[in-house]
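First up is the structure itself, then whatever we jot down about it.
There are 2 protein chains.
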Amino acid sequence: MTALYDVAAIGNAIVDVIAPTDDDFLAREHLNKGSMILIDQARAEALYSAMAAGVEMSGGSAGNTIAGLASFGGKGAFIGKVAADALGEIYTHDMRAQGAHFPAPPLTGGAATGRCLINVTPDGERTMATFLGAAGELGPDDVDDAVIEASKTIYLEGYLFDPPDARRAFAKAAGLAHGAGRLIALTLSDAFVVDRHRGALLGFVEDQVDILFANEGEICSLFQTDDFAVAAEALRGKVNIAALTRSAQGSVVLSADGDHIVAAEPAGKAVDTTGAGDQYAAGFLFGLARGRSLEVCARLGGLAAAEVIGHYGPRPEVSLRDLAVSRGL
Amino acid sequence: MTALYDVAAIGNAIVDVIAPTDDDFLAREHLNKGSMILIDQARAEALYSAMAAGVEMSGGSAGNTIAGLASFGGKGAFIGKVAADALGEIYTHDMRAQGAHFPAPPLTGGAATGRCLINVTPDGERTMATFLGAAGELGPDDVDDAVIEASKTIYLEGYLFDPPDARRAFAKAAGLAHGAGRLIALTLSDAFVVDRHRGALLGFVEDQVDILFANEGEICSLFQTDDFAVAAEALRGKVNIAALTRSAQGSVVLSADGDHIVAAEPAGKAVDTTGAGDQYAAGFLFGLARGRSLEVCARLGGLAAAEVIGHYGPRPEVSLRDLAVSRGL
Chain A
-10 MTALYDVAAI
0 GNAIVDVIAP
10 TDDDFLAREH
20 LNKGSMILID
30 QARAEALYSA
40 MAAGVEMSGG
50 SAGNTIAGLA
60 SFGGKGAFIG
70 KVAADALGEI
80 YTHDMRAQGA
90 HFPAPPLTGG
100 AATGRCLINV
110 TPDGERTMAT
120 FLGAAGELGP
130 DDVDDAVIEA
140 SKTIYLEGYL
150 FDPPDARRAF
160 AKAAGLAHGA
170 GRLIALTLSD
180 AFVVDRHRGA
190 LLGFVEDQVD
200 ILFANEGEIC
210 SLFQTDDFAV
220 AAEALRGKVN
230 IAALTRSAQG
240 SVVLSADGDH
250 IVAAEPAGKA
260 VDTTGAGDQY
270 AAGFLFGLAR
280 GRSLEVCARL
290 GGLAAAEVIG
300 HYGPRPEVSL
310 RDLAVSRGL
Chain B
-10 MTALYDVAAI
0 GNAIVDVIAP
10 TDDDFLAREH
20 LNKGSMILID
30 QARAEALYSA
40 MAAGVEMSGG
50 SAGNTIAGLA
60 SFGGKGAFIG
70 KVAADALGEI
80 YTHDMRAQGA
90 HFPAPPLTGG
100 AATGRCLINV
110 TPDGERTMAT
120 FLGAAGELGP
130 DDVDDAVIEA
140 SKTIYLEGYL
150 FDPPDARRAF
160 AKAAGLAHGA
170 GRLIALTLSD
180 AFVVDRHRGA
190 LLGFVEDQVD
200 ILFANEGEIC
210 SLFQTDDFAV
220 AAEALRGKVN
230 IAALTRSAQG
240 SVVLSADGDH
250 IVAAEPAGKA
260 VDTTGAGDQY
270 AAGFLFGLAR
280 GRSLEVCARL
290 GGLAAAEVIG
300 HYGPRPEVSL
310 RDLAVSRGL
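As they're listed, the protein sequences go chains A and B.
Counting from 1, position 148 in the first sequence corresponds to residue 137 in the numbering used here; the numbering is continuous, with no gaps.
Counting from 1, position 14 in the second sequence corresponds to residue 3 in the numbering used here; the numbering is continuous, with no gaps.
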């Protein structure tokens, strides 16, 4: 069957609330710089009260990746759960306005649309506290068989190892995808997520994952080592393709056909690193869907990541397609 | 009585939805570039569906001015009406996080929090379509006597000549203010607003206004002329201070003590002009509250306007106080 979509992603549908802060605030609020924690509604309200004035925009890791893919000119679908409320309407609008298919019906009579409170320090690092809300209700019924079977790659975010029903949604998606000859890609998302779910994640990686995305902290956490080279060797052979990102040191791609070390795209001052990993995955998966070499895939990923860290917010502000063309990619 | 607030503003409490667009879209949607129209809920939904993915942030002309005043280190209060919903919570949070007093209780059981759909063209010009929602319900009861009497200047936005009860709120505020020896400032807001309410606005200017803000199009519309010099002469003597902004040509301040022509602050590329007039008023009123000369007031206004057109969104992204200090103001 011809694929209708380059990528179908499954993830938390979350509206980001992004505000500037300083290191003292993170310490006072017991927030671990650069990481993501899950919070309940009461904590979300208290933390929000203490935050500076901010901006709101659609986010969520896998949703950001689909937005980036669309910006490259790719065709994406996103499976995620919002509520039937104002923020849910904004999220749905943004997904569809970016040309993505967004099939899951909104939750009614339950939790509100999820939000991620993102405090950005002057060094551009983002520290996230997520109230999942409706996103936490995502389950197997939201996984649309036809969408999965019609997508070249199914991309899953590791954050979804936290909410209870989402893992069953992952298992369903993986079964459908491999039955239809599609690929499964996973991002480990966050070192603390890996720490909470190491066994389950490792099992899923070994059994189901064709393409793995991880940053240095995440892959080291998966194999409980401080040494990136040790972690990379431990991963070798477990997946077909591993794209490991190393911030300013670029990325390392491991595959059966050889390894590639790709330098980071030159970038200006990091304003807000939110979405850097998501956009790397967008560029990489877009390249893969277009049959480009792994090295070009990694360069497309690096280009998209550099764009998004140059401004507030997790999604590209310019056409990534035009940007790639301007760099001869 | 010592003033508790430098400025109390009355205006539409509105959340901005800002998205990039092109001139063809404006033509297709019959939107008049650079202006503001009021739309009903059905039109708001249709227009929003057609817009690109955007970002949401607290806006509203007078609210932006109070945020700018706070960024200069001034003390402000804002009287505006939101609903008891998610966008209303965001609006309230942002006002209070910026250090402003925000006393009006949210509307319950009525319209949703108002929003302004802002389409920004590649030249940085913004074109606005406003669904007033709860903001349209602002009335005299929302005008807190103690706040008005405790503010050096009461700042009113001309946009409030549209909703029915707001003019009565203005009249009440003007009466209270002048009774307490306070000043009334007004911005004409928009040339089409002036066109719709010319007689009422002119009467209010002559009877109540001490300080008038207007751009070239607005003051020309008030006096039905195409010639800025003619409009400025027609205004002379009707208010104590008139601050007339002319985009790249800077601003002209008319007063009984003489006129001042102040060059525009050098600015980079205009990314989004939303809030430029609002921030000019913020700088000007802050200077006035601190007893600075009219020329310095105009320079502070120009500095704040230049900051806000350099990025998306109507409120400053950096401390205007630090910016002013760095320029020796």
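Don't be surprised by glycine CBs; every beta carbon is placed ideally from N, CA and C.
A quick note: this is a predicted structure, and the numbers were derived from the prediction, not measured.
Simplified DSSP state of residue i, which is helix, strand or coil
i: V198 of chain B; result: coil
i: D(-5) of chain B; result: strand
i: H186 of chain B; result: coil
i: T10 of chain A; result: coil
i: H249 of chain B; result: strand
i: A118 of chain B; result: strand
i: V242 of chain A; result: strand
i: T54 of chain A; result: helix
i: L96 of chain B; result: strand
i: G88 of chain A; result: coil
i: G77 of chain A; result: helix
i: S315 of chain A; result: helix
i: S47 of chain A; result: strand
i: F275 of chain A; result: helix
i: G147 of chain A; result: helix
i: G290 of chain B; result: helix
i: G319 of chain A; result: Given that chain A is displayed from residue -10 to residue 318, the structure contains no residue 319 of chain A and the question cannot be resolved.
i: G192 of chain A; result: helix
i: G103 of chain A; result: strand
i: G164 of chain B; result: helix
i: L177 of chain A; result: coil
i: A41 of chain B; result: coil
C-beta neighbour in chain A for residue i, strict 7 angstroms
i: V44 of chain B; result: yes
i: L76 of chain B; result: yes
Neighbour flag for residue i against chain B, beta carbons, 7 angstroms
i: D83 of chain A; result: yes
Within chain A, partners of residue i - CB distance below 7 angstroms
i: A86 of chain B; result: M40, A41 and A42
i: I79 of chain B; result: E45
Cβ-Cβ distance between residue i and residue j below 7 angstroms
i: G49 of chain A; j: N1 of chain A; result: yes
i: G239 of chain B; j: A252 of chain B; result: yes
i: A41 of chain B; j: A86 of chain A; result: yes
i: F67 of chain A; j: M84 of chain A; result: yes
i: G328 of chain A; j: T102 of chain A; result: No answer is possible for residue 328 of chain A: it lies beyond the span of chain A, which begins at -10 and ends at 318.
i: V242 of chain A; j: A256 of chain A; result: no
i: G319 of chain B; j: L289 of chain B; result: Here chain B comprises residues numbered -10 to 318, so residue 319 of chain B is not present and cannot be evaluated.
i: T119 of chain B; j: C105 of chain B; result: yes
i: L127 of chain A; j: A155 of chain A; result: yes
i: T262 of chain B; j: G113 of chain B; result: yes
i: A35 of chain B; j: G65 of chain B; result: no
i: Y144 of chain A; j: A(-2) of chain A; result: yes
i: F202 of chain B; j: A287 of chain B; result: no
i: A158 of chain A; j: V182 of chain A; result: no
i: A139 of chain B; j: L(-7) of chain B; result: yes
i: A180 of chain B; j: E146 of chain B; result: no
i: A56 of chain A; j: R304 of chain A; result: yes
i: A73 of chain B; j: P95 of chain B; result: yes
i: D199 of chain A; j: L165 of chain A; result: no
i: S60 of chain A; j: S315 of chain A; result: no
Contacts that residue i makes with chain B (C-beta to C-beta distance below 7 angstroms)
i: G302 of chain A; result: V44
i: Y37 of chain A; result: H82
For residue i, the residue or residues it bridges with in DSSP
i: A218 of chain A; result: Note: A218 of chain A sits in no beta bridge, so no partner.
i: N108 of chain A; result: A:A8 and A:T116
i: N204 of chain B; result: B:T234
i: T142 of chain B; result: B:V(-4) and B:L172
i: A72 of chain B; result: B:L96
i: G65 of chain B; result: B:V(-4)
i: M25 of chain B; result: B:M117
i: I3 of chain A; result: A:G103
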